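Worksheet for the structure shown next.
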Amino acid sequence: MAFAKIHTDLPGPKSVKILEKQGSVARAFGTFVPSIVDYAKGARVWDLDGNVFLDMAGGVGCLNVGHSHPKVVQTIQREAERFTHTDFTVIPYESYIELADRLCRMMPGEERKRAAFFNSGTEAVENAIKIARKATGKRGIICFEGAFHGRTMLSLSLTSKVKPYKEKMGPFFNDIYRIPYPNPYRWMGTNDPEEVSEQAIEALLNLFITQIPPSEVAALIIEPIQGEAGFITPPASYLKALQKICNETGIIFIADEVQTGYGRTGEFLGSHYFGIEPDIITLGKSIAGGLPLSAVIGRKSIMDTAGDGAVGGTFVGNPISCAAGLAVLDIYEEEKLGEKAQQIGNQIFEKVRAMKDKSTLIGDIRGAGAMLAFELVRDHDTLEPADTETLEIIQKCLKKGVILFKAGLYNNVIRFLVPLVISEKELEEALDIIEESVMEVTENFYSNRLSMAGV
Ligand code: PLP
């Protein structure tokens, strides 16, 4: 059975009619799929012209429980009938308190936790930094090359990609110190994960000598697996070594789990996957089944220092989003989405590994659980990024009804952020389409190379 069905040009006539008015939308919001969505269910999206797509992007990782999960939809409908907003600081509501309680209990580590909710990942990051500064009374923040923490000004200062994010957006915040993220595939001099880990730790220790003493650092913020940078997966020992240094020096260890959270890695958090116990964790994206919500969850002793009114905002912890957040946690448990992520990851990994044997464009496959990606290079020695080829594969897939998303500092990584409720058959079909497209682009690449060489 074919799940994906494309029976018009993209966009089809009904989408075109709507898109005619697109001139009023700010250009900062360029779109990827050219058609207008009609409705979406699970891992499939229908456009206005009846075309059906298999969705491997999941609203950029916001739909771990799938599009319009019936439990999430019923919760939203029920809660919208009751009330839509009070501002928790004016009149509190149960869903905020209940969600905070459940999430705090799911965090790693013995010390009691407290949670605060916000609207977006970037807001969670900014507030985590504010709380860490207030708790320590210190100024310095350590972050990483390749990091993505959001687009508002403090988060953007931590984010590490010039185009399209940082170019002409400065000046940025002071007291931000950046060290290399251990990326075994592109590390200079060695690809051995343990050597890479040791050298990356050395870079941190060196920072304490050359730039700022640990006694002046408030926090270190890291993605357990770097998301936008292309699912860069650190060596197994690295995060634990980093946490040890933070603990010994009094630096608050923040794990930004906006993309790695909610079962994506096969565990509820990337922190569970790597066996670390961060002082503060930020969550977002899949937390409320597609509604805007994010969280900062940290050790009680740290969170309590912020004080009344120090962090917050008009819409933060919206009641409908918090109720949807509770439905998401129920679904996560009932449908065993962590285990499901592992099965999805195995299915993707097997297929991409077989593709790698046939296509020399695939240089690296990496990730954890369903958080898998593959990097495309033109040359396995120079690692020249195959960025145009990556785009060609994505566009070919789209025309055949598979929505794929790219990542990477060099725009040459294809990442899977598929809803974790996808069926094995749906995924099999999507992977077959991806394989076909990768092979078409690989063949074109070689025939172009041969014709350039005059063969
Ligand atoms: N942190 C991480 C790790 C992310 O992946 C993202 C978004 O992709 C953010 C923060 C920012 O989240 P938002 O776009 O909701 O502000």
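Take the working numbering: the final residue in the sequence shown is number 458, and no numbers are missing along the way. Glycine included, each C-beta is placed from N, C-alpha and C at the ideal position. Treat the numbers as computed from the prediction; the structure is a model and nothing was measured.
Among the options, which one has its Cα closest to the Cα of residue i?
i: aspartate 384; options: Asp259, Gly64, Leu364; result: Leu364
i: arginine 47; options: Lys24, Leu340, Gly287, Pro422; result: Pro422
i: arginine 30; options: Thr162, Lys354, Pro167; result: Pro167
i: lysine 361; options: Cys325, Tyr96, Glu438, Ile351; result: Glu438
i: alanine 327; options: His70, Val40, Ala5, Gly273; result: His70
i: methionine 109; options: Ser274, Val261, Thr139; result: Ser274
i: arginine 267; options: Asp390, Val416, Val63; result: Val63
i: asparagine 414; options: Tyr188, Asp390, Glu432; result: Asp390
i: valine 128; options: Asn67, Ser158, Thr213; result: Ser158
i: glutamate 443; options: Cys400, Leu420, Met455, Ser454; result: Cys400
i: isoleucine 182; options: Lys171, Met172, Gln214; result: Gln214
i: leucine 394; options: Phe448, Ile21, Leu420; result: Phe448
i: serine 18; options: Asn54, Ile290, Arg452, Asp307; result: Asn54
i: isoleucine 235; options: Asp311, Gln262, Leu102; result: Gln262
i: leucine 464; options: Phe419, Glu353, Lys116; result: There is no way to answer for residue 464, as the model of the chain reaches only from 4 to 458.
i: histidine 88; options: Gln25, Lys343, Asn321, Ala456; result: Asn321
i: phenylalanine 451; options: Glu392, Ile436, Glu429, Leu420; result: Per the sequence presented here, residue 451 reads as asparagine, with phenylalanine not at that position. Ranking the options by Cα distance to asparagine 451, first place goes to Glu392.
i: phenylalanine 35; options: Asp58, Gly312, Lys171; result: Asp58
i: aspartate 311; options: Ile283, Val93, Phe419; result: Val93
i: isoleucine 436; options: Val28, Ile212, Gln398, Leu420; result: Gln398
Could you tell me how far apart the beta carbons of residue i and residue j are, in whole angstroms, since I believe they sit closer than 8 Å?
i: valine 314; j: asparagine 130; result: 5 Å
i: lysine 288; j: cysteine 65; result: 5 Å
i: phenylalanine 56; j: glycine 292; result: No, phenylalanine 56 and glycine 292 are not in contact; Cβ-Cβ is about 19 Å, not under 8 Å.
i: glutamate 427; j: alanine 7; result: No, glutamate 427 and alanine 7 are not in contact; Cβ-Cβ is about 15 Å, not under 8 Å.
i: proline 227; j: glutamate 260; result: 7 Å
i: tyrosine 99; j: phenylalanine 91; result: 5 Å
i: phenylalanine 408; j: alanine 60; result: 4 Å
i: leucine 375; j: glycine 348; result: 6 Å
i: proline 295; j: threonine 252; result: Not really, about 35 Å apart at Cβ, beyond 8 Å.
i: valine 76; j: valine 68; result: Actually they do not touch by this definition, with Cβ atoms about 11 Å apart.
i: leucine 272; j: glycine 278; result: Leucine 272 to glycine 278, Cβ: 11 Å. No contact.
i: leucine 332; j: arginine 105; result: 6 Å
Tell me whether the beta-carbon of residue i lies closer than 9 Å to the beta-carbon of residue j.
i: threonine 285; j: isoleucine 300; result: yes
i: proline 111; j: proline 185; result: no
i: alanine 298; j: alanine 118; result: yes
i: alanine 206; j: isoleucine 254; result: no
i: isoleucine 351; j: leucine 434; result: yes
i: proline 16; j: aspartate 52; result: yes
i: isoleucine 417; j: phenylalanine 377; result: yes
i: leucine 161; j: glycine 149; result: no
i: glycine 230; j: phenylalanine 151; result: yes
i: alanine 135; j: isoleucine 257; result: yes
i: glutamate 338; j: valine 424; result: yes
i: proline 187; j: proline 174; result: no
i: threonine 78; j: alanine 357; result: no
i: alanine 410; j: alanine 138; result: no
i: phenylalanine 176; j: methionine 191; result: no
i: isoleucine 179; j: glycine 143; result: yes
i: glutamate 446; j: glycine 316; result: no
i: isoleucine 406; j: serine 440; result: no
i: glutamate 23; j: arginine 302; result: no
i: glycine 33; j: histidine 72; result: no
i: isoleucine 132; j: isoleucine 225; result: no
i: glutamate 219; j: lysine 141; result: yes
Excluding five sequence neighbours on each side, which residues of the same chain lie with their C-beta closer than 8 Å to the C-beta of residue i?
i: isoleucine 204; result: Tyr241, Ala244, Leu245, Ile248
i: glutamine 345; result: Gly269, Gly372, Ala373
i: lysine 164; result: Gly149, Phe151, Glu231, Ala232, Leu412
i: arginine 81; result: Ala326
i: alanine 5; result: Glu432
i: leucine 210; result: Ile145, Tyr180, Ile182
i: glutamate 84; result: none
Near residue i, what residues of its chain come up, given a Cβ to Cβ distance below 7 Å and the 5 sequence neighbours on each side ignored?
i: glutamate 387; result: Val380, Arg381
i: threonine 193; result: Val199
i: lysine 402; result: Ile9, Leu13
i: aspartate 41; result: Trp49, Asp50, Leu51
Which residues in the same chain as residue i place their Cβ atom closer than 6 Å to its Cβ, once the five residues preceding and following it in sequence are excluded?
i: leucine 13; result: Pro37, Ser38
i: tyrosine 276; result: Thr268, Glu270, Ala371
i: glutamate 280; result: Pro111, Gly112
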